[in-house]
Amino acid sequence: EKAGFEHFMLKEIYEQPTVLQHTLGGRFAGNGTDVQLELGLDPLAVDRVVISACGTAFYSGLVGEYLIERLARLPVEVEIASEFRYREPVLDERTLCVVVSQSGETIDTLEALREAKRQGARTLAVLNAKGSSISREADDVLYIHAGPEIGVASTKAYTAMVAAFELLAIFLGRARGVLSGEAAAELIRALRALPGLVEETLGARPEIAAVAEAFKDKRDYLFLGRGANYPTALEGALKLKEISYIHAEAYATGEMKHGPIALIDADMPVVAVATASALYDKTISNLQEVRARDGVVIALASRGDEAIRAHADHVIYVPRTLELVSPIVNVVALQLLAYETAARLGRDVDQPRNLAKSVTVE
Ligand code: F6R
């Protein structure tokens, strides 16, 4: 069942190149300049997007926010479903409410969907499980086609959810006339290359395992990332917490000096997403600030970036891609870091203590 892998989680991490083909497959159109999604939704009848979900699915929504604002120029809010459902959110029929769920059974997410419907919002569910409760109640469903996910810690569903948001953002941007065919084509080319890039990222496992070995006995980790990769840092920290039980928190890189910098010392490794981006130089200055305080930097960098070695104690190289597509490539390295750490600590990787795969009670 585990197809020769030691754990379901590892098998699912390695399935990601294939999963991404399934998520993206058959959804490009118009000479590689358009996305086709078969939704009843009228993109011109929307002037605001609200995304709601829990846990890892919520983090995929944070990437979605970044993508939809950039590519479709629609205002987006993202909120944890357990907060959203009780907050008396202000919605109307021109609000698109997107709920995201692997299982389609998470009670808070289902109730967030019901609240959105009560208020007359248009609803769309980004889902993995077919025939789930959420699938029966949403106006539209965008399936991620990740296949069954057995490991309690979500991996392939996350990358597939982010890929679905890439599609949705391009779809909305094109339909609303704010994303040019040329810009869409560049993104679509990058998306088509993704399965290969994720495969290459899996090849970094030996270097990642060396980092895991070096820091497995630390009690705390800090993850940093900004822009579309701030959620990557959040997800990396969540994976490490869930399966290794090491305390980890994530901050937006630019926020570090507003507080968490007080924690920096040689005992708390700092994992920084520092791949190619518009704000790369600012990230480098933040790394210098960490090292000036005896902090240990583990940088996730784009292949070919030799200069970063001067600012990091360990460098994990991942393939280069567009900044807007990079969260999918980068998170795979952090999934492996969590896995390699937990496996070394002898943790029950597929069934972490206190966690359930699907949270159907409050
Ligand atoms: C994290 C994890 C949880 C789920 C969350 C939502 O690895 O598995 O945080 O992401 O419980 O679950 P779904 O997506 O089924 O609604």
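To convert a position in the sequence shown, counted from 1, into full-length UniProt numbering, add 248.
Ideal Cβ positions, reconstructed from N, Cα and C, are used throughout, including at glycine.
*Inter-stretch contact (C-beta, 8 Å, three-pair minimum) for the segment 333-346 and the segment 295-302*: yes
*Which whole-angstrom value describes the C-beta separation of R541 and H495, a residue pair presumed to lie in contact below a C-beta threshold of 8 Å?*
Actually they are not in contact, since the Cβ atoms of R541 and H495 sit about 19 Å apart, beyond 8 Å.
*Would DSSP call Y334 helix, strand or coil?*
coil
*Is the segment 582-593 close to the segment 488-503, with three or more CB pairs under 8 Å?*
yes
_Cross-strand partners of E325 (DSSP beta bridge)_ = V298
*asked:* Are the CB atoms of L472 and M504 within a distance shorter than 9 Å?
replied: yes
*Using only alpha-carbon positions, find the residue among Y406, G312, L339 and Y334 that is nearest to Q350.*
Y406
*Could you say which of N578, R440, A251 and I564 lies nearest to G398 if we only look at CA atoms?*
Residue identity differs from the one stated: residue 398 is Ile in this sequence, not Gly. Selected option, being the one with the closest Cα: A251.
*Have a look at D340, G425 and G594 and flag the residue whose alpha-carbon is nearest the alpha-carbon of T371.*
D340
_Taking only three categories from DSSP, how would you classify A431?_
helix
*Could you check which residue in S300, E430 and R422 has the C-alpha nearest to that of V283?*
R422
*Shortest alpha-carbon distance to I576 belongs to which of S533, V446 and D598?*
V446
*Going by DSSP, which residues form a beta bridge with T371?*
C345
_Run of the alpha helix (DSSP H) containing D387, from where it starts to where it stops_ = Note, D387: premise wrong, no alpha helix (DSSP H); not H, not E.
*asked:* Taking 8 Å as the cut-off, is the beta-carbon of V580 closer than that to any non-hydrogen atom of the ligand F6R?
replied: no
*asked:* Taking 8 Å as the cut-off, does the segment 350-367 touch the segment 330-340 (at least 3 CB pairs, one atom from each stretch)?
replied: yes
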